Structure formats: C-alpha cells, structure tokens
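Visitor: Following my numbering, the numbering of the sequence shown begins with 12 at its first residue and continues without gaps.
Positions of the beta carbon are idealized from the N, C-alpha and C atoms, including for glycine.
Given the structure is predicted, the values throughout are model-derived calculations rather than measurements.
Take a look at the following structure, please.
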Amino acid sequence: MSGPRQRRPPETETETETETQAGAGRGAAREVDLEALRCEGARRLAAVEAVEPLGERAVAGRAALQAVCDRLHEAVPHYDWVGFYLVWPDDPRVLQLGPFAGAPTEHTRIPFGRGICGQVAERREALWIPDVGAEDNYLACSLETRAEVVVPVMWQGRFVGQLDIDSHVPDPFGLADHELLEGLCRDAAPVVGMLLDAWQTLP
Ligand code: SME
12 MSGPRQRRPP ETETETETET QAGAGRGAAR EVDLEALRCE GARRLAAVEA VEPLGERAVA
72 GRAALQAVCD RLHEAVPHYD WVGFYLVWPD DPRVLQLGPF AGAPTEHTRI PFGRGICGQV
132 AERREALWIP DVGAEDNYLA CSLETRAEVV VPVMWQGRFV GQLDIDSHVP DPFGLADHEL
192 LEGLCRDAAP VVGMLLDAWQ TLP
C-alpha cells in the first residue's frame with residue numbers, strides 16, 4: 012500500500028507548495044517559530060555535556076529529552092504525541108519507550124521491523140507517513156492518529172534511538188518540520204548515546 016512517494020521526507024517541497032497549504036497542519040507550522048524551538052532544544056541538550064559526574068549527567072540528559080518532548084508537544088498544534096524510543100544495549104533489537112509527551116501508549120517496547128518505528132530502526136532512515144491508514148506495517152497508538160514521522164538518532168555511526176511524532180492532522184508535515192526534527196535528532200544524539208553508555212557503565 013505504501014509507496015516511496017508517501018514516505019519521502021518533505022525536503023524537496025517548494026516554498027510555494029508550503030504557502031498553499033491551509034488548515035491546522037502545515038499552516039499551523041508557519042505560525043510557530045520552529046527555528047526558535049530548535050535553538051531552545053539545542054541549548055537545553057548541549058547543556059547536558061557539562062554536568063558531572065556521569066550519574067547526574069544521565070539524569071540531566073533524560074530531563075533534557077523530556078523537556079524537548081514537552082516543548083514540541085505544547086508548541087506545535089499538529090504534534091499530538093511526541094516521544095523518544097531508545098535502543099537499550101541489553102536488548103539491542105528492541106526499542107524501549109523513553110521520555111514522551113501526550114497520551115500514554117501501550118507500545119512501550121517495539122521489536123525492530125514492527126510498525127513505523129521498527130521499520131525506521133531497520134532502515135536507519137526517517138519515515139514520513141502522511142496517511143497512516145495507507146500503511147500495512149503500522150502500530151496504532153491512538154485511533155485519532157492520521158499521520159506520523161519517525162526520525163532516527165545516530166551517534167558515532169550507531170543507531171541509538173529515534174524521535175516519533177504522531178499527528179491527528181492528515182498530511183501535516185512540511186519542510187519546516189523536516190528541518191526542526193532532523194536538527195533536533197542531531198542535537199539529541201550525544202545525549203542519547205551518553206544515556207546508553209551510562210546504562211552500561213553505572214552500577
Ligand atoms: N505508530 C508507531 C508506534 C508508536 S506510537 O505511535 C507512540 C508505529 O507504527 O511504530
């Protein structure tokens with residue numbers, strides 16, 4: 012059912028296309044200063060590096076990921092669920108739900124390959140899904156979800172986790188979302204990598 016056209020990132024979208032989108036989706040994205048959100052998230056994530064010792068840095072790292080989820084969820088109208096899944100080293104073919112904002116989900120552990128999240132874990136490339144109803148391999152968190160994007164977090168060549176956004180708006184994601192979410196995943200990478208290392212290192 013799902014073809015490459017549906018799954019491509021919106022990086023080739025033109026400004027004209029963005030401007031013609033109406034409603035609470037891409038239109039809403041323009042009303043929110045996503046660049047400012049990115050900067051705020053980047054600052055919050057970068058501050059984690061200076062925290063010592065490692066145990067406190069891990070606590071700060073988790074809090075920073077939670078803060079990113081909370082801000083995205085409250086600031087962007089078409090981000091109805093925002094969460095990080097992490098690859099814990101003790102079960103490296105399973106995604107474990109980390110910090111999130113939005114309704115609780117039953118999908119707290121997702122095997123690689125299952126659902127949109129599991130496919131991204133296998134591919135290590137983002138999936139932009141404008142219509143989840145057209146997907147065969149999809150795990151529903153909420154019946155209200157219409158669209159989803161999952162962006163991988165890569166650290167030092169390793170796939171360490173991913174950022175998942177669910178939207179109740181059909182086909183809501185545009186170029187601004189792409190830049191924001193890909194950027195935040197790059198900013199979050201050292202924090203997620205540190206958390207996984209701390210998990211193995213700390214008593
Ligand atoms: N929809 C995801 C599952 C995670 S929830 O969206 C929070 C999937 O298909 O993998």
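#1: Here's a check: name, in chain order, each residue in its chain whose Cβ is nearer than 8 Å to the Cβ of R19, leaving out the five neighbours to either side.
#2: Who are F95's beta bridge partners in DSSP?
#3: Would you say A209 touches the ligand SME, meaning its beta carbon is less than 8 Å from a heavy atom?
#4: Answer yes or no: does any C-beta atom of chain C fall closer than 9 Å to that of I127?
#5: For V62 and V162, I'd like the C-alpha separation in whole angstroms.
#6: Could you tell me the boundaries of the alpha helix (DSSP H) in which P181 lies?
#7: Hey, how far is the Cα of G113 from the Cα of P64?
#8: Near A209, which residues of its chain fall below 6 Å by C-beta distance, leaving aside the five closest residues on each side in sequence?
#9: According to DSSP, I121 sits in a beta bridge with which residue or residues?
#10: With hydrogens ignored, establish whether the beta-carbon of C152 is closer than 8 Å to any heavy atom of the ligand SME.
#11: Buried or exposed for N148, going by 16 or more other Cβ atoms inside 10 Å?
#12: Please work out which residues of its chain come closer than 8 Å, Cβ to Cβ, to Q107, disregarding the five sequence neighbours upstream and downstream, and give them in chain order.
#13: If distances are taken between C-alpha atoms only, which option among F170, W166, V143 comes closest to R157?
#14: Confirm, please, whether the CB-CB distance from D91 to E155 is below 9 Å.
#15: Closest to L192 by CA distance: which of E117, E159, A74 is it?
#16: Using a Cβ-Cβ cut-off of 7 Å (strictly less than) and excluding sequence neighbours within five positions of W166, which residues of its own chain qualify?
#17: With respect to 8 Å, is the separation between the Cβ of C128 and the closest non-hydrogen atom of the ligand SME below this value?
#18: Expressed to the nearest angstrom, what Euclidean distance is found between the alpha-carbon atoms of P21 and F184?
Guide: In brief:
#1: Here residue 19 refers to the residue found at position 8 of the sequence shown. For R19, where only same-chain residues beyond five positions count, the Cβ hits under 8 Å are W139.
#2: Start at 1 with the first residue of the sequence shown, and residue 95 comes out as number 84. According to DSSP, which records beta bridges pairwise, F95 is partnered with L174.
#3: Counting from one through the sequence shown, the residue named residue 209 turns up at place 198. Answer for A209: no, Cβ out of range of the ligand SME.
#4: Protein chain content of the structure displayed is limited to a single chain, and chain C is not contained in it.
#5: Position 51 of the sequence shown, counted from the start, is the residue given in the question as residue 62. Position 151 of the sequence shown, counted from the start, is the residue given in the question as residue 162. About 27 Å.
#6: In the sequence shown, residue 181 corresponds to position 170, counting from 1. Where P181 is concerned, there is no enclosing alpha helix (DSSP H), given that its DSSP letter is neither H nor E.
#7: Start at 1 with the first residue of the sequence shown, and residue 113 comes out as number 102. Start at 1 with the first residue of the sequence shown, and residue 64 comes out as number 53. If you take the alpha carbons of G113 and P64, they lie about 31 Å apart.
#8: Within the sequence shown, numbered from 1, the residue matching residue 209 stands at position 198. Closer than 6 Å at the Cβ level, and outside the excluded window around A209, lie L65, A69.
#9: For this step, residue 121 is matched to residue 110 along the sequence shown. In DSSP, I121 forms a bridge with L106.
#10: By 1-based counting over the sequence shown, the position of residue 152 is 141. True, at least one ligand heavy atom lies under 8 Å from that Cβ.
#11: Working through the sequence shown from its first residue, we reach residue 148 at position 137. The residue is exposed, with fewer than 16 neighbouring Cβ atoms inside 10 Å.
#12: Counting from one through the sequence shown, the residue named residue 107 turns up at place 96. Excluding residues within five positions, the ones whose Cβ falls inside 8 Å are Y96, L97, V98, W99, T119, R120.
#13: For the purposes of this step, residue 157 is taken as residue 146 along the sequence shown, with counting starting at 1. Cα-wise, what sits closest to R157 is V143.
#14: Indexing the sequence shown from 1 puts residue 155 at position 144. Indexing the sequence shown from 1 puts residue 91 at position 80. Yes, these two residues count as a Cβ contact at 9 Å.
#15: Sequence index remark: in the sequence shown, residue 192 carries index 181 (1-based). Nearest option by C-alpha distance: E159.
#16: Reading the sequence shown from its first residue, position 155 is the one you call residue 166. Within the same chain, W166 has close Cβ partners A200, P201, V203, G204.
#17: Position 117 of the sequence shown holds residue 128. Yes, the beta carbon of C128 sits closer than 8 Å to at least one heavy atom of the ligand SME.
#18: As a first step, residue 21 must be located in the sequence shown, where it is residue number 10. As a first step, residue 184 must be located in the sequence shown, where it is residue number 173. Taking the straight line joining both Cα atoms gives about 7 Å.
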